[in-house]
Amino acid sequence: MITLSEPLSPHIERLGRLADQGRFGRLRRGIEKEGLRVDAAGRIAQSPHPRALGSKLTHPHITTDYSEALLEYITPVYSRPEDALDFLADLHRFSYRQLDEERIWPASMPARLDGNDSVPIADYGDSNVGRMKHVYRRGLDVRYGRIMQAIAGVHYNVSLPDDLFTLLRELDGEGETAMQDYRSARYFALIRNFRRHSWLLLYLFGASPAVDRSFLPDGRVPEGLEAHGDETLVSRHATSLRMSDLGYQNKVQEQLKICFNSLSNYVNTLRHAIFTPWPDYEARGVRVDDEWYQLNANILQIENEYYSDIRPKRVARHDETPSQALEARGVEYIEVRCLDLNPFDPLGIDAHQSRFIDVFLLWCLLTDSPWISDEECEHLDFNRRLVVSRGRDPELRLDHHGAKRSIADWGGEIFEGLGEIAALLDRLEQGTPHADALAALAPRLEDPSLTPSGRLLERLESSGEEFVEAILALAGEQGERLREEPIERARGALFDQLVETSHHQQGDIEAADVESFADFLADYFARARESRAFSPLRSGERT
526 MITLSEPLSP HIERLGRLAD QGRFGRLRRG IEKEGLRVDA AGRIAQSPHP
576 RALGSKLTHP HITTDYSEAL LEYITPVYSR PEDALDFLAD LHRFSYRQLD
626 EERIWPASMP ARLDGNDSVP IADYGDSNVG RMKHVYRRGL DVRYGRIMQA
676 IAGVHYNVSL PDDLFTLLRE LDGEGETAMQ DYRSARYFAL IRNFRRHSWL
726 LLYLFGASPA VDRSFLPDGR VPEGLEAHGD ETLVSRHATS LRMSDLGYQN
776 KVQEQLKICF NSLSNYVNTL RHAIFTPWPD YEARGVRVDD EWYQLNANIL
826 QIENEYYSDI RPKRVARHDE TPSQALEARG VEYIEVRCLD LNPFDPLGID
876 AHQSRFIDVF LLWCLLTDSP WISDEECEHL DFNRRLVVSR GRDPELRLDH
926 HGAKRSIADW GGEIFEGLGE IAALLDRLEQ GTPHADALAA LAPRLEDPSL
976 TPSGRLLERL ESSGEEFVEA ILALAGEQGE RLREEPIERA RGALFDQLVE
1026 TSHHQQGDIE AADVESFADF LADYFARARE SRAFSPLRSG ERT
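Using my numbering, you'd call the opening residue of the sequence shown number 526 and step up by one each time.
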């Protein structure tokens, strides 16, 4: 395996020469961005998903996540970050033309809530697949409550070019390893390094140091939070409350111990969790008569319930679960899930951040990535927890192989390695957009006030605004601008067409259903038990 140290330089140079020859292409990425619809007072919208946006069951680009009010935008896959961001911007512009007085909340932590029931669960219609999506969300309410599910973020999906894996397999001397197995193993190596170093992304891009008091309806103020004004709680040095214990909490899932050493371990652990009952969930019940409260009472209802800051992915066919798709054809791309919305950007993410993540992921791929031991697995999230709660604390020190290091020191060392990767990727570009992204973000290492979390806290403190007040003002400014900006003509026509097409598709799906929902679920989980291994050797396992 290539290491990011002295031995890497000749490999980088060789890859650079091959890039100059057009021997491998650009990374490809798609963006999924969530955002709550809110009313003019900054309360989560109680209105249904606007029909003028299309069917949330079948529209390929505009849907909802957990809540009826939680918009989710999905871009196509692009080779240039700017193209993905342009498409995402047009989705926002199109939506604003249909939203009347509502606004799209630009922060990760939710708008003003009024208890658990103020977060309406998304309704996907009367088809079996639509009911399954709704019941799954009801199960999340049973297990975790709805308020946690109102948190929003950006998911960043990246695939590396196949011809790059061909070159790396040659450099690694593994020409006899099947490409599917080699590619999956390298993606899992990338994921392991990501898990070791994702604290850097949380520091640079974390944007949720504050929350409205309504997020904590029991009135209990967790340790580390302090009052700001009458309705706001802040964490003085936090970067991402969204990624802290205050955000997504999956205590039951901690026993899964998924450390991403191999594809077979990952798939088998998830499959085990989907079919292993959990007493607390059993006690809450699954179904009474025709009223479904959960899909099942197991550790996970379906694979999507497993929460991680990064996931291996493969586009599934209609008769496959996500794990079966991975098992059959290997890892196709990875999904980065630890990114807060930047409330100062109407899209939640910009081109510099996109380019930086691309560089970071390729660095994770090319850096030596040994398997994670049981001991390391136990402590894998230690630095991440420190950064989300205290990342802007100048006294904070992270653990690096037993040594204590500051973010500026360790981060600066990582940035040096990232510079080599940026130079490699820039050989595929006109200009130096990846190096420019590093240069734009590097000052944040020494000055935490430049981070999105630092900027938001500084705004609250200098203006005296409440959290909801400040974010609502940003939403208003962004909404006015997006409403006035033109939509690319052909894309606007496409969006208009997709509205009607998606409604027709949902109607066709509902009309075609002939089996009961109970039989539909039984068939789904019977198929989910099946292994879809492509070959006798499980993908990701290497001798």
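Note that CB positions come from ideal geometry on N, CA and C, so glycine has one too.
Three-state secondary structure (DSSP) of residue i
| i | result |
| --- | --- |
| Trp817 | strand |
| Thr794 | helix |
| Ala735 | strand |
| Ile556 | strand |
| Ala928 | strand |
| Ile824 | coil |
| Glu860 | strand |
| His617 | helix |
| Glu1055 | coil |
| Tyr603 | strand |
| Thr757 | strand |
| Arg969 | helix |
| Ser652 | coil |
| Pro802 | strand |
| Ser765 | strand |
| Ser530 | Low per-residue confidence applies at Ser530: pLDDT is 41, beneath 50, and the placement is therefore not dependable, though the value from the model is reported in the following sentence. It is coil, neither helix nor strand. |
| Phe1050 | helix |
| Arg1069 | Limits of the chain in this structure are 526 at one end and 1068 at the other, which puts residue 1069 out of reach. |
| Arg637 | strand |
| Arg812 | strand |
| Arg745 | coil |
Exposure label - residue i; buried when at least 16 CB within 10 Å
| i | result |
| --- | --- |
| Asn823 | buried |
| Pro968 | exposed |
| Ser1080 | Look at the range of the chain in this structure, 526 to 1068, and you will see that residue 1080 is not part of it. |
| Val840 | exposed |
| Glu852 | buried |
| His959 | buried |
| Gln780 | exposed |
| Glu531 | Per-residue confidence for Glu531 stands at a pLDDT of 43, beneath the threshold of 50, marking its modelled position as unreliable; the derived number appears in the next sentence. Exposed, since its Cβ has fewer than 16 Cβ neighbours within 10 Å. |
| Pro871 | buried |
| Asp1044 | exposed |
| Val736 | buried |
| Ala1000 | buried |
| Asp951 | buried |
Extent of the continuous beta strand (DSSP E) run through residue i
| i | result |
| --- | --- |
| His1069 | This structure does not reach residue 1069, given that the chain is present from 526 up to 1068, and the question cannot be answered. |
| Ile471 | Residue numbering for the chain in the displayed model covers 526 to 1068; residue 471 lies beyond these limits and cannot be assessed. |
| Tyr681 | Val679 to Ser684 |
| Arg836 | Ile835 to Lys838 |
Host alpha helix (DSSP H) of residue i (start-end)
| i | result |
| --- | --- |
| Ile1034 | Arg1014 to Ala1037 |
| Ile716 | Met704 to His722 |
| Ile672 | Arg671 to Gln674 |
| Ser787 | No alpha helix (DSSP H) contains Ser787, which DSSP labels as neither H nor E. |
| His877 | Ala876 to Leu891 |
| Glu986 | Pro977 to Ser988 |
| Ala850 | Pro847 to Arg854 |
| Glu695 | Asp687 to Leu696 |
Minimum Cβ-Cβ distance from residue i to chain D less than 8 Å
| i | result |
| --- | --- |
| Val1024 | Going by chain labels, chain D is absent from the structure shown, which holds only one protein chain. |
- Task: May I ask you to verify whether the region 643–655 touches the region 573–586, counting CB pairs closer than 8 Å and requiring at least 3?
- Result: Contact between the region 643–655 and the region 573–586 is present: 3 or more CB-CB pairs across the two stretches fall below 8 Å.
- Message: For the pair the region 924–939 and the region 865–881, tell me if three or more CB-CB distances fall below 8 Å.
- Response: Short answer: they don't touch.
- With a cut-off of 8 Å, do at least 3 Cβ pairs link the region 551–566 to the region 582–602? yes
- Message: With a threshold of 8 Å, are at least 3 pairs of Cβ atoms found where one atom belongs to the region 628–641 and the other to the region 561–580?
- Response: yes
- Task: Could you tell me which uninterrupted alpha helix (DSSP H) segments, each at least 4 residues in length, are contained entirely in the region 532–599, listed from first to last along the chain?
- Result: 533–545
- Message: Under 8 Å, with one C-beta from each stretch per pair, do the region 585–595 and the region 826–834 reach the 3-pair mark?
- Response: no
- Message: Three Cβ pairs or more, each shorter than 8 Å: is that satisfied between the region 1015–1025 and the region 785–795?
- Response: Because the criterion of three Cβ pairs below 8 Å is not met, the region 1015–1025 and the region 785–795 do not touch.
- Determine, using beta-carbon pairs with one atom in the region 603–614 and one in the region 534–546, whether at least three such pairs fall under 8 Å. no
- Message: Threshold first: 4 residues or longer. Then list the alpha helix (DSSP H) segments lying entirely within the region 896–961, N to C.
- Response: 899–903, 907–915 and 932–951
- Assess, as a yes-or-no matter, whether the region 709–726 is touched by the region 889–896 under the definition of 3 or more beta carbon pairs within less than 8 Å. yes
- Query: Counting pairs of Cβ atoms below 8 Å between the region 795–807 and the region 1039–1057, do you hit three or more?
  - Reply: yes
- Query: So does the region 726–734 actually touch the region 969–985, counting three or more Cβ pairs closer than 8 Å?
  - Reply: Cβ pair count under 8 Å is three or more, so yes.
- Pair every Cβ in the region 923–932 with every Cβ in the region 859–866, then say whether three or more of these pairs are closer than 8 Å. no
- Within the chosen definition, does the region 759–774 reach the region 909–924 through at least 3 CB pairs nearer than 8 Å? As far as the Cβ criterion goes, the region 759–774 touches the region 909–924, which means the pair count is three or higher.
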